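Below is one structure; the comments refer to it alone.
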């Protein structure tokens, strides 16, 4: 944990130092001068001599929790797919089953605000492919990412969420319940130290890990200029397979996928397209079966009052205030207020600053 | 007309005979023996000596109508694009403006039973491209063909219909009024003698002419095994550009287009994609304007009832059935049914086979 917080260290530098000192413990027990002569940069060596290198309270508490671990790049469970990556993380924080990190994976990424059909498509692809034994890797964002994680969970499959913040900071907060399920049925992963906030600049770095971990990346719905396309291009750069789902030319969220297809991504209609491209042929028949049964509609808010459901759908997945909900639903303001209170008490929505409400995204299981 | 009815004649044979006799009139005035020694096959020579070679009543009547003509392959108005074709027609029957046959053309083909969105797409592409000066060539079939002809007509552009029957046999009969408009604003073309019925085996031959006449072929919606794909592959064989419009993975009529895209057809979202690929750069700005109009967010749902709007948003851009819409909106099934009926009557959605509905994407021009 200290090394992952140290400035100016890379896997290459540490590999060399570990060689000199016979591993991590040798490095820890070495002197400042020995470290510097073994190629440890001044800033890092200085950090390692300071009290800042000692485990802090948060770290001590976190590592003691069950199923929490930190995998240095020398750990056999550290993903082989990452080792070759320039700028590979020195260590990965893992909450969940660290044994799945080397499983064959497909990443599924896309818009945070997909169409209903796009969300279903992500869920269904993830469900089919997870049922065939592929881990489903994504970024725990709202929209396509969440749908992909949920699809894998629904298939009792493996899913991995790679965070753009410290592993103790679940972002977006609304996905905390989903993150708990992922932890139980797969793994949450972060290369950032504990407490690291979800800064904008973390996400390209996080996307690089998603791309590198996976045999391929599937883009479900993405606008022409979007983070998903960045992940996708990174996948291409790492010689990973790139898959994109086509859609209506009138759907702005198909444009990114179409752009990728024009640039050589595989046009993808079914889970079988992906399995055959990845030579997952042994699993092909199971996939075929699974995708037959996939159309089953999600059933989350089954017993809910119809007007409440309309309101919840009108809320969508971004915070909205009462006025906006009145406009969207056509209900009277006082009706919206009282229904939102009920929805809040039932745990479907959460009050946010500025008189706004956010939806609480429940797992579908 | 007689030569086009004669057996065993080809453009190659006739070219040689015309050289020997100094053209068509020399051939007509030559003796049977001279014809045979000039390489005219026995069957053809025999036919030319028989009374069957004389113009019949139908031919005499047809050729006297205004804007009717027969263009032998030696006529300067005969399409240059066809001359190089193996098995080029000896003559073309033309009703309409024979001067347009050498205009730059794009063929638009696809299913005879398209989705409403597919029909609109064909219409809109044809309208945009015809407005930019491209002739729109198709086969006068129902569905995509008809929509393409109509789009070109709506733009006051040029459109050409290539028939799979004699030019005096309009098939399907229901398209007779459309054929009249095409005749007035473009041209009807056939290589078959008058009275020739629309036999199944004529259509691949007709499709070859459509493909060869055009700079490229755009496939809008086509099932995986369909005549449209044959035309498309012929276009590829003749080194013509091949364009295909992607669509929802849940639309069976997008499968053929997706297959073509996988095989190298250009994924096509806008008319500008086609114009730039064809280097129609002089026209590009006009097209861009035209398609800019298309990309403007639709404002058609402005005054719509809120619940109807929710339903339309839930429908998204892929066909969906009532059950799925019930799940997505939380409305009661009977409410969804009655609202869908209203939306259908108002022209916002259209019923599709299998109890599904598609959104009607309106032209925004």
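Protein chains in written order, with the working numbering: chain A, 27 to 391; chain B, 27 to 391.
In this text, a Cβ means the ideal position worked out from N, Cα and C, and glycines have one as well.
These figures come from a predicted structure and were not determined experimentally.
Can you name the start and end residues of the beta strand (DSSP E) that residue 214 of chain B belongs to? 213-216
Using CA coordinates, which residue listed in B:40, B:188 and B:28 is at the minimum distance from residue 73 of chain B? B:28
Thinking C-beta only, is residue 285 of chain B closer than 7 Å to residue 250 of chain B? yes
Does any residue of chain B bring its CB to less than 7 Å from the CB of residue 273 of chain A? yes
Can you give me the C-alpha to C-alpha distance between residue 153 of chain B and residue 39 of chain B, rounded to a whole angstrom? 41 Å
Buried or exposed for residue 358 of chain A, please, with buried defined as at least 16 other CB atoms from any protein chain shown within 10 angstroms of its CB. exposed
Are residue 269 of chain A and residue 290 of chain A touching if we call contact CB-CB under 7 Å? no
Looking at the unbroken beta strand (DSSP E) that takes in residue 95 of chain B, where does it start and where does it end? 94-98
Please return the same chain residues whose Cβ sits closer than 7 Å to the Cβ of residue 309 of chain B, not counting the five positions on each side in sequence. With a pLDDT of 44 at residue 309 of chain B, under the threshold of 50, the modelled position of this residue cannot be trusted, and the question is left open.
Could you tell me whether the Cβ of residue 129 of chain B comes closer than 7 Å to any Cβ of chain A? no
Under 8 Å: do the region 207-215 of chain B and the region 116-124 of chain B share three or more Cβ pairs, one atom per stretch? yes
7 Å is my cut-off, CB to CB: does residue 293 of chain B come that close to chain A? yes
Cβ-based contacts, 8 Å cut-off: residues of the region 342-362 of chain B near chain A: 342, 343, 344, 346, 349, 350, 353, 354, 355, 356, 357 and 358
With distances taken from CA atoms, which of B:294, B:57, B:296 and B:273 is nearest residue 2 of chain B? Nothing can be reported for residue 2 of chain B: it is not among the residues displayed for chain B, which extend from 27 to 391.
If you reduce the DSSP assignment to three classes, tell me which class residue 86 of chain A lands in. helix
Per DSSP, which one or two residues make a beta bridge with residue 147 of chain A? According to DSSP, which records beta bridges pairwise, residue 147 of chain A is partnered with nothing at all.
Buried versus exposed call for residue 305 of chain B [16 or more other C-beta atoms within 10 Å across all chains shown]: exposed
Show which residues of chain A have a CB atom less than 8 Å away from the CB atom of residue 143 of chain B. 274 and 276
Check whether the Cβ of residue 176 of chain A lies closer than 7 Å to any Cβ atom in chain B. no
Please list, in chain order, the chain B residues whose beta carbon lies closer than 9 Å to that of residue 374 of chain A. Going along chain B, no residue has its Cβ under 9 Å from residue 374 of chain A, so there is no contact; the nearest lies around 12 Å.
Compare the C-beta of residue 284 of chain A with all C-beta atoms of chain B and state if any pair is closer than 7 Å. yes
Does the distance from the CB of residue 244 of chain B to the CB of residue 134 of chain B come in under 7 Å? yes
From this set, A:368, A:265, A:94 and A:127, which residue's C-alpha is nearest residue 333 of chain A's C-alpha? A:368
Nearest by alpha-carbon distance to residue 163 of chain B: which of B:239, B:295, B:283 and B:353 is it? B:239
Grab the span of the alpha helix (DSSP H) containing residue 445 of chain B for me, first residue to last. Lying before the first or after the last residue shown, residue 445 of chain B is absent from chain B, which here runs from 27 to 391.
Taking the beta strand (DSSP E) that residue 162 of chain A belongs to, which residues open and close that run? 161-164
By Cβ distance, which residues of its chain are closer than 7 Å to residue 351 of chain B, with the 5 residues on each side in sequence left out? 337, 340, 341 and 362
Do you know how far the Cα of residue 108 of chain B is from the Cα of residue 126 of chain B? 14 Å
Runs of alpha helix (DSSP H) wholly within the region 255-288 of chain A (minimum 4 residues, chain order): 281-288
Element boundaries [alpha helix (DSSP H), containing residue 177 of chain B]: 170-180
Any Cβ of chain A within less than 7 Å of the Cβ of residue 287 of chain B? yes
Cβ-based burial, residue 43 of chain A [other Cβ within 10 Å; buried from 16]: buried
At least one CB of chain A closer than 7 Å to the CB of residue 340 of chain B: is that the case? yes
Suppose the cutoff is 8 Å on Cβ atoms and the five residues either side in sequence are ignored; what does the same chain contact list for residue 98 of chain A look like? 29, 50, 104, 116 and 117
Would you say residue 336 of chain A lies against chain B (beta-carbon separation less than 7 Å)? yes
Short CB-CB distance (under 7 Å) between residue 42 of chain A and chain B: no
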